[in-house]
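Protein chains in written order, with this note's numbering: chain A, 50 to 202; chain B, 50 to 202.
There are 2 protein chains.
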Amino acid sequence: MSNGVTERTVSERLQGHGIQASAQRVAVAEYALRTTDHPSADVVWAKVRESFPFLSRATVYNTLNLFVAKGLLRPLVIAEGRVVFDPNVEPHHHFVDEETGEIHDVPWDAVAIRSIEPPRDFELRDYQVIMRGSRRGRPARARPRGSSRSSVK
Amino acid sequence: MSNGVTERTVSERLQGHGIQASAQRVAVAEYALRTTDHPSADVVWAKVRESFPFLSRATVYNTLNLFVAKGLLRPLVIAEGRVVFDPNVEPHHHFVDEETGEIHDVPWDAVAIRSIEPPRDFELRDYQVIMRGSRRGRPARARPRGSSRSSVK
DNA sequence: GTCTCGATCTAGACTATGTCTAATGGTGTG
DNA sequence: CACACCATTAGACATAGTCTAGATCGAGAC
Numbered sequence: 050m051s052n053g054v055t056e057r058t059v060s061e062r063l064q065g066h067g068i069q070a071s072a073q074r075v076a077v078a079e080y081a082l083r084t085t086d087h088p089s090a091d092v093v094w095a096k097v098r099e100s101f102p103f104l105s106r107a108t109v110y111n112t113l114n115l116f117v118a119k120g121l122l123r124p125l126v127i128a129e130g131r132v133v134f135d136p137n138v139e140p141h142h143h144f145v146d147e148e149t150g151e152i153h154d155v156p157w158d159a160v161a162i163r164s165i166e167p168p169r170d171f172e173l174r175d176y177q178v179i180m181r182g183s184r185r186g187r188p189a190r191a192r193p194r195g196s197s198r199s200s201v202k
Numbered sequence: 050m051s052n053g054v055t056e057r058t059v060s061e062r063l064q065g066h067g068i069q070a071s072a073q074r075v076a077v078a079e080y081a082l083r084t085t086d087h088p089s090a091d092v093v094w095a096k097v098r099e100s101f102p103f104l105s106r107a108t109v110y111n112t113l114n115l116f117v118a119k120g121l122l123r124p125l126v127i128a129e130g131r132v133v134f135d136p137n138v139e140p141h142h143h144f145v146d147e148e149t150g151e152i153h154d155v156p157w158d159a160v161a162i163r164s165i166e167p168p169r170d171f172e173l174r175d176y177q178v179i180m181r182g183s184r185r186g187r188p189a190r191a192r193p194r195g196s197s198r199s200s201v202k
């Protein structure tokens, strides 16, 4: 794909957002800015270390937070127990599979909103629709939470 | 307020949902089923212990998860770093104040949705709009995250 | 009343996510 | 080379949440 955004090297993208490039930051960016998996910070750490073993956990957290501050990633508070990161910073919605915990992007125009009214005295900065459900045909009962066993005896 | 729902005692509500009442469960319910604060489990623990000191943390977690399983509470994955609980189990939306982290209920009809299309092969169980912003007049820059100091140097 | 059984409650160990700190190392400028 | 600055590191720390093993409670059987 050569759409004028992804054809630039990762290193150039970082510098274009005012981020000093370094070996570690490029390695994190190569994964985190290309994936569609909505990984958590620890998942990024594990993935990147496969090809770049000299990388501390603190650096991954620092780097991801830096990318968020510079507008390269968006943090999502949707998954249970952790923040996940989305390199798609354009407006869109999300669908959470309640059985697997997987998060899928939903195009902005898959939802037609006629009007939206924030609470009085509050200023709306952005919004999105969070859908929950499961793959068609599966009943989807008790949600997995932490361990695989049921959380209520 | 005597609207046919809240006029029943908490103990009766628990039994009506198939939950064996106990001193601890009633104490948790008195707070968690009445509040509009969207508390986390540890907040519930702290609040309830003010008037009911003999209460372990595990009991609070067990009890809240039981209430969720029985449909008395809805878990929300909106706030950073924790799950919060909402005794309003009717459909509604939420507004997150990005400065304070406070969560406010938004009535269902504050948003007019004309159509909504989940991803192919997925079954939509429920959905809600998550709005983010801040109180009018305040600029709302860096979001507080964990500690009060900036997370990116 | 007392025995028994299952449900509930408890303290504390444990795991996972995330932040902070102090020290180390690399790079550019003079 | 020396200095300053920034990135990186390991590990300590903080917090949310789960699990376990044992104590305790309560209701029915006798």
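Glycine included, C-beta positions come from ideal geometry on N, C-alpha and C.
Chain A within 8 Å of residue i, Cβ atoms only
i: B:Ser105; result: no
i: B:Ile68; result: no
i: B:Pro168; result: yes
Partners in chain B for residue i, counting only beta-carbon separations shorter than 9 Å
i: A:Glu61; result: The contacting residues do not exist; A:Glu61 stays about 21 Å from chain B at best.
i: A:Gln177; result: Val178, Ile179, Met180, Arg181
i: A:Arg174; result: Glu147, Met180, Arg181, Gly182, Ser183, Ala189
Outcome for residue i when other beta-carbon atoms lying within 10 angstroms are tallied against a minimum of 16
i: A:Pro102; result: exposed
i: B:Ser183; result: buried
i: B:Arg181; result: buried
i: B:Thr112; result: buried
i: B:Trp157; result: exposed
i: A:Asp91; result: exposed
i: B:Val160; result: buried
i: A:Pro140; result: exposed
i: B:Asn137; result: exposed
i: B:Asp175; result: exposed
i: A:Ala107; result: exposed
i: B:Asp170; result: exposed
i: A:His143; result: buried
i: B:Ala76; result: buried
i: A:Gln64; result: exposed
Min CB distance residue i to chain B below 8 Å
i: A:Ser183; result: yes
i: A:Pro140; result: no
Contact list for residue i against chain A, beta-carbon separation under 9 Å
i: B:Ser164; result: Ala159, Val160, Ala161
Residue i Cβ short of 7 Å to the ligand SAH heavy atom set
i: B:Val97; result: Here there are no bound small molecules, and the ligand SAH is not part of this structure.
- Query: Which residues, in order along the segment 122-136 of chain A, keep a beta-carbon less than 9 Å from a beta-carbon of chain B?
  - Reply: Those would be Pro124, Val126, Ile127, Ala128, Glu129, Gly130, Arg131, Val132, in chain order.
- Near-chain A residues of the segment 150-161 of chain B (beta-carbon distance less than 7 Å), N- to C-terminal order: Going along the segment 150-161 of chain B in chain order, one finds His153, Val155, Ala159, Val160, Ala161 with a Cβ nearer than 7 Å to chain A.
- Message: Please give me, in chain order, every unbroken run of the alpha helix (DSSP H) with length at least 4 that falls completely inside the segment 144-195 of chain A.
- Response: DSSP runs (the alpha helix (DSSP H)) wholly in the segment 144-195 of chain A: none.
- Give, in chain order, every residue of the segment 86-119 of chain A whose Cβ lies closer than 7 Å to some Cβ of chain B. Under the 7 Å Cβ criterion, the segment 86-119 of chain A contributes Asn114, Leu115, Ala118.
- Message: List, from N- to C-terminal side, the alpha helix (DSSP H) runs of 4 residues or more that fit wholly inside the segment 55-132 of chain A.
- Response: Complete alpha helix (DSSP H) runs here, min 4: 59-65, 72-81, 90-100, 106-118.
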